[in-house]
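Here the structure is laid out as structure tokens; the discussion comes afterwards.
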Amino acid sequence: DAGITQSPRHKVTETGTPVTLRCHQTENHRYMYWYRQDPGHGLRLIHYSYGVKDTDKGEVSDGYSVSRSKTEDFLLTLESATSSQTSVYFCAISESNVGIMNTEAFFGQGTRLTVV
Amino acid sequence: AQSVTQLDSQVPVFEEAPVELRCNYSSSVSVYLFWYVQYPNQGLQLLLKYLSGSTLVKSINGFEAEFNKSQTSFHLRKPSVHISDTAEYFCAVSKSGGSYIPTFGRGTSLIVHP
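Residue numbers (the numbering used here), protein chains in the order written: chain F, 2 to 117; chain V, 1325 to 1438.
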């Protein structure tokens, strides 16, 4: 199994509070992603990173920010949590070697976030 | 941009029966195609992928999928399912070459009944 750890695994927070989810990898993979999973919507990309301090928005980035100060850590922050951000959040990683594209994403176990 | 449509949100089937989970994609460029499986309370795992070459790809646990460029489809099949195949299945697409950023379908819940 790929070394991906998400923390916390479960969290309940109140509307309006900031929340940070952490994804830690031990694979030294270049790409890291944050997805949210909601019934009827599948997985939707929030943000991704293609290197330290290199990040870009996905299709549902509003209300979220990310940071990647080290290869192994990718943080997702909800600046002011809302009930619509209640979801299961997945971190994923993939690698891209020079001349070779490793076309597979490895997923963490997920973080279940409830905003009340 | 690319998109994925999984036509069935839920597929109930009896054990040992065949099953097909449908996936269609839309893209203006060449693509890679994937099926991922998610068991309850777990993350996603890659089941199989098409990158190039033979259009029929197989997994180690009996699933197979065929890339059909003219139909823009990548349907997943298994000739005889087991109870343990009960899971959520996601089809995904990414453009070939360049950054690998998979776009996922909404998922199909495969429910295998005894």
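Even for Gly, the Cβ is constructed at its ideal location relative to N, Cα and C.
Practice task
Output, in chain order, the set of chain F residues within a Cβ distance shorter than 9 Å of L1434/V.
Solution key: By Cβ distance, chain F contributes nothing, its closest Cβ being about 15 Å from L1434/V, past 9 Å.
Problem - Paired residues, beta bridge with V1/F - DSSP - result: In the structure as shown, chain F begins at 2 and stops at 117. Residue 1/F is therefore absent and cannot be evaluated.
Exercise for the section: Count the other C-beta atoms from every protein chain shown that fall within 10 angstroms of the C-beta of K1382/V, then say buried if there are 16 or more, exposed otherwise. Expected result: exposed
Exercise for the section: Have a look at T1379/V and E1340/V and give me their C-alpha separation to the nearest angstrom. Expected result: 25 Å
Exercise for the section: With DSSP as the reference, please indicate the residues paired to D74/F in a beta bridge. Expected result: H25/F and K71/F
Exercise for the section: Going by CA-CA distance only, name the one from L1434/V, I1425/V and K1402/V that's closest to F1414/V. Expected result: L1434/V
Problem - Proximity test, Cβ basis, 7 Å: L114/F and chain V - result: no
Practice task
Taking only beta-carbon positions, decide if R1346/V is within less than 7 Å of chain F.
Solution key: no
Problem - Reference S84/F; option with closest CA among H11/F, P9/F and T16/F - result: T16/F
Practice task
Alpha carbon to alpha carbon, how far is V1417/V from S1351/V? Give it in angstroms, no decimals.
Solution key: 9 Å
Handout entry: C-alpha gap between V1343/V and S70/F, whole angstroms
Key = 45 Å
Handout entry: Which of helix, strand or coil DSSP assigns to Q86/F
Key = helix
Handout entry: Backbone CA spacing between F1428/V and Q1330/V [nearest angstrom]
Key = 9 Å
Handout entry: Rounded separation between F91/F and S50/F - CA only
Key = 14 Å
Practice task
May I ask you to verify whether the region 1386 to 1401 of chain V touches the region 1352 to 1372 of chain V, counting CB pairs closer than 8 Å and requiring at least 3?
Solution key: yes
Practice task
Go through the region 1388 to 1436 of chain V residue by residue and report every complete run of the beta strand (DSSP E) that reaches 3 residues or more, in order.
Solution key: 1388 to 1392, 1397 to 1402 and 1411 to 1419
Practice task
Kindly identify the DSSP beta-bridge partner or partners of S8/F.
Solution key: R23/F
Exercise for the section: Check the Cβ-Cβ distances between V99/F and every residue of chain V, and say whether any is below 7 Å. Expected result: Residue placement at V99/F is flagged as unreliable, the pLDDT there being 45, under the threshold of 50; the coordinate-derived value follows with that caveat. It does not: the Cβ of V99/F has no partner Cβ on chain V nearer than 7 Å.
Handout entry: Alpha carbon of G41/F to alpha carbon of L22/F, nearest angstrom
Key = 23 Å
Problem - 8 Å CB neighbourhood of Q1362/V in its chain, flanking five on each side removed - result: L1368, Q1369, A1411, E1412, Y1413, F1414 and G1431
Exercise for the section: For T112/F, count neighbouring C-beta atoms within 10 Å of its own C-beta (all shown protein chains included) and say buried if the count is 16 or more, exposed if not. Expected result: buried
Handout entry: Cross-strand partners of A106/F (DSSP beta bridge)
Key = In DSSP, A106/F forms no bridge with anything.
Exercise for the section: Determine which residues share a DSSP beta bridge with P1342/V and list them. Expected result: DSSP output for P1342/V lists no bridge partner at all.
Handout entry: Residue(s) in a DSSP beta bridge with R37/F
Key = R45/F and Y90/F
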